[in-house]
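Heads up, the thing below is written out as structure tokens.
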Amino acid sequence: MLVLGYSQASGYMSIRVATSSTPSAVGQAVRWNLGAARPNVANRRILYEIGDAGCADSALFTGGINEFQAIQDSFNNWRRIRESDLDFEFAGSTTNAVTSASDNRNVLRFVGSNISSGVFAVTITTFDTTTGEILDADMELNDRDFTWDTLGQSRTTGTPGRAYIESVVTHEIGHFVGLDHPANSQSTLYFASSPGLFSQASLERDDIAPIIQSYPHPSLSDPALGSVSGVVTDAMAAGQFGVGVVLVDLATGRNVIGHVSEKPPAGSLGSYLIQGVPPGNYIAFALPIQSSQLGSYYASAFTSFYPVVRGVGFNTAGAPALIKVAPGQAVTGANLSLPAAGGNPFEPNNTSAQATTMASGEAAVAQITPAADVDFFKFTASAGQTCVIRVLSDAFGFALNPTLTLLDTNGTTVLASPISSHPAYLASANDRDGEAFDASGADYDAEIVFTLPAAGTYFFAVASRAGLTAGQYLVTLELRGADTSADTIATKISSSAAGVPANGTSTFTINVEPRNQFNVSLAAPNTYTVDLVDRSGSPVILQTLSSQSAPFNFTVTALASPGTRTYGCRVNGVDMAATVQVSHFGTLSAANSRVILSETSVVANGYDTCAVQVQLRDGANNLFADSAAAVVISTTLGTLDNGSVAGASVPGVYDPALGLWVATLKAGTVAGLGNVSATANAQPLSAQTLTFLPVASGTGSGGGGSPGDSQDDGGGGCAAGESAAWLAIVGLFLAALVARRISRAS
């Protein structure tokens, strides 16, 4: 039985217990207990019903599937998180589609009344305030204000400009399982959307991490994920609650993941913990959260401060104190000190003569106010050097839609322009991804990557697109070639083989690739001394390549007896964090080998899939990564596909990077229990059972709601009561953010 950890609040933006008769429960993240014996939970699956009337627009759908399948596909998006055992099951369509908080039925339905204007959907999550356990969840989709469509099997069909069921329902299911809105506009759980967007039908790291944390898989995990923790204090060194802390990838400028600072009893005042962090170098950025878009627990969040980069003071351009996360590392002491709410920093800087100086690797936080404001910065570079300039605002949900203009050393000649009619137009200087209606979704921040023609001091200007928006932003600068130090986190190590026979004669190659903190490969003419290190126990230097340029390739001979070795490296005497494991394997053991399924269930809809892996091991449980092994994978339901052959039985395809054999199982249209088995060199392995769930269906009369409309909660917005939370996803074009989004469509 999975018992949720109510003694400590889960991380990320979660629905939290705001008030309780049990004081210690206040602040706990609300979650389902998948092991509970409840009418709406069975076989560790959350059960849901769909209103039989369906959607009023169903006759107009162009996505190739109906509304019932689209809703089921949305649940499948969350089920597919590999390291989580969160699962769902369609419990039937219902003509009694009322959204009651106390009937122990999880009902989703389209409604034609009693829902706030401009709100795509509302989810009502009911929970026990003494434990945080979710008891009931219901969802209402606005069938009055929007024209709906489905994305279909390809996730890209449907008619542009319509509201896509999969995008909206995938977002709302996040609330269904206990999540709230993060400070990340690229996240599926971001509070706002627009008709026609379908990027929210997929999940981002900010969405996935809390699910892995709260609903962990019993046997599948990602050992590379780490954590970051620290304390947020104000200008008087006092801890503060509700401060958003996000991690921005230094190499890509992406807002990857974040959390908020805690308050007792959920945690010590100002403390924060971000779990599920991928390895990398991060800028830690503290910002006020939009408490109006969150549950009532966050109403007292501290917001009277200016956003700040860890290690960089207010009104200062400087090098951030980076958060360096090695694979599996728990980084502690990542503290942030907040400046008081201030004015407009760096002003006056409206001309190139007043430009603020920046150097490679530095960052600054500034703002465009009023919308006609322009901020100038300058930097010195060498001939042929490439500059990478990023301005981030949309990434954090700020109001500004920024643009960038790069100017030559005279401060007037434009080298890169955000204006499409300009000869030096560069699309990314306007929007990093201006195409909202594709799988990646829109990214309205600005970026310039430009190779400079001569040595000198160059200028760039930050402004508001069309002078319509104002707000704060984070600006970063990188000059390629300026940083030639091998970074402990970014430097990579890889092996040509996941395993070799333990015969004392076979060889394989280990490659070390020095990279700097921006994740740029450090090639010739840079030279380094690189040691190959055995890290299986006490570090032992195996080989050294002295004062050379890349590539750094080491030829290694297999052990004479079975074992698994962990290899690492040093560059110029400094230990790098990355390691690679290589198995020196003995004789195949069928008893130690296994079939691995990425899912516990699939839907019998003819297109749902499950990844199948076969992991072979020897008698000492070392990975048996012998590409010559004959592996055959079989299933009793559905069809297997290895990329070239499909059928009930197919040869597994060897993946040299993983040392595993793989195939994809595609569901058919028959529900039931299927057995997935494999043989290796004609030896049978233990089979795994996969549940093929019935496809969701209903009458779909297109009534645009059910007779129970009068029993709606009438909700909208985001507020949490004593035992329930109402969370909505709003249409931006109908909200106060109209100028911000319309300007981006121009």
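Numbered according to my numbering, the sequence shown spans residues 7 to 752.
Glycine residues also receive a C-beta, built at the ideal position from the N, C-alpha and C atoms.
Would you decide whether residue i is buried or exposed? Buried here means 16 or more other CB atoms lie within 10 Å of its CB.
i, result
"Q717", "With a pLDDT of only 32 at Q717, under the threshold of 50, the placement of this residue in the model should not be trusted; the figure read from the coordinates follows. Exposed."
"Q192", "buried"
"G264", "buried"
"R757", "Any answer about residue 757 is impossible in this case: the structure gives the chain only from 7 up to 752."
"N287", "buried"
"P408", "buried"
"D581", "exposed"
"I547", "exposed"
"M364", "buried"
"N78", "Reading off the sequence shown, one finds Gln at residue 78, where the question assumed Asn. Result: buried."
"F465", "buried"
"S26", "buried"
"P713", "In this prediction, P713 has a pLDDT of 39, which is less than 50 and means its spatial position is unreliable; nothing more can be read from the coordinates."
"A24", "buried"
"T194", "buried"
"A325", "exposed"
"V651", "exposed"
"N49", "exposed"
"N39", "buried"
"T411", "buried"
"L458", "buried"
What are the residues that DSSP puts in a beta bridge with residue i?
i, result
"D149", "None, per the DSSP bridge assignment."
"V262", "DSSP output for V262 lists no bridge partner at all."
"R85", "Answer is none; R85 lacks a bridge partner."
"D381", "V468"
"L342", "V238"
"C575", "L538"
"L483", "I395"
"V546", "D540"
"A277", "The residue you asked about is not Ala; residue 277 is Ser in the sequence shown. In the DSSP output, where bridge partners are listed per residue, S277 has V237."
"Q554", "Y534"
"R22", "A35"
"Y431", "S423"
"K330", "N287"
"R600", "Q621"
Terminal residues of the continuous alpha helix (DSSP H) containing residue i?
i, result
"A215", "211 to 220"
"E178", "171 to 182"
Could you pull the start and end residues of the beta strand (DSSP E) that residue i belongs to?
i, result
"W667", "666 to 672"
"A2", "Not covered by the structure: residue 2. The range shown for the chain is 7 to 752."
"Y54", "51 to 57"
"L622", "615 to 624"
"P408", "408 to 413"
"V249", "249 to 255"
"V518", "513 to 519"
"Y288", "286 to 294"
"T129", "125 to 133"
"T457", "452 to 457"
"T6", "Nothing in the structure corresponds to residue 6, since the chain is present only between 7 and 752."
"P590", "Rather than Pro, the amino acid found at residue 590 in this sequence is His. 586 to 591 is the span of the beta strand (DSSP E), which, as asked, contains H590."
"K498", "498 to 501"
"G505", "505 to 507"
"L421", "420 to 422"
"A361", "Unbroken run through A361: none, as it is neither H nor E."
"R168", "Note, R168: premise wrong, no beta strand (DSSP E); not H, not E."
Throw me the rounded Cβ distance for the residue i and residue j pair, which I believe falls under 8 angstroms.
i, j, result
"G319", "A327", "Not a contact, Cβ separation roughly 11 angstroms."
"P657", "V676", "Contact doesn't hold; Cβ gap of about 24 angstroms is too wide."
"Q621", "L666", "5 angstroms"
"H187", "M19", "6 angstroms"
"N190", "L141", "Rounded, the Cβ-Cβ distance is 29 angstroms, inconsistent with contact."
"N627", "N598", "5 angstroms"
"Q236", "L342", "Reading the sequence as shown, one finds Gly at residue 236 and not Gln. Right, their Cβ atoms sit about 7 angstroms apart."
"T101", "V113", "Not really, about 11 angstroms apart at Cβ, beyond 8 angstroms."
"I217", "I87", "5 angstroms"
"V577", "T497", "6 angstroms"
"T85", "E519", "Note that residue 85 is Arg in the sequence shown, not Thr. With 8 angstroms as the limit, R85 and E519 do not qualify as a contact, their Cβ atoms being about 36 angstroms apart."
"T251", "I280", "It should be noted that the sequence gives Val, not Thr, for residue 251. Contact flag correct, Cβ pair sits at about 7 angstroms."
"I179", "S80", "6 angstroms"
For chain B, is any of its Cβ atoms less than 8 angstroms away from the one on residue i?
i, result
"V394", "Protein chains in the displayed structure number just one, and chain B is not present."
> What beta strand (DSSP E) runs, 3 residues minimum, are completely inside the segment 628 to 703?
Replying inline: Here the runs fully enclosed are 637 to 641, 645 to 647, 655 to 657, 659 to 661, 666 to 672, 678 to 686, 694 to 699.
> Could you give the uninterrupted runs of the beta strand (DSSP E) lying entirely in the segment 62 to 122, keeping only those of 3 residues or more?
Replying inline: Segments of the beta strand (DSSP E) lying fully in the segment 62 to 122: 94 to 100, 113 to 117.
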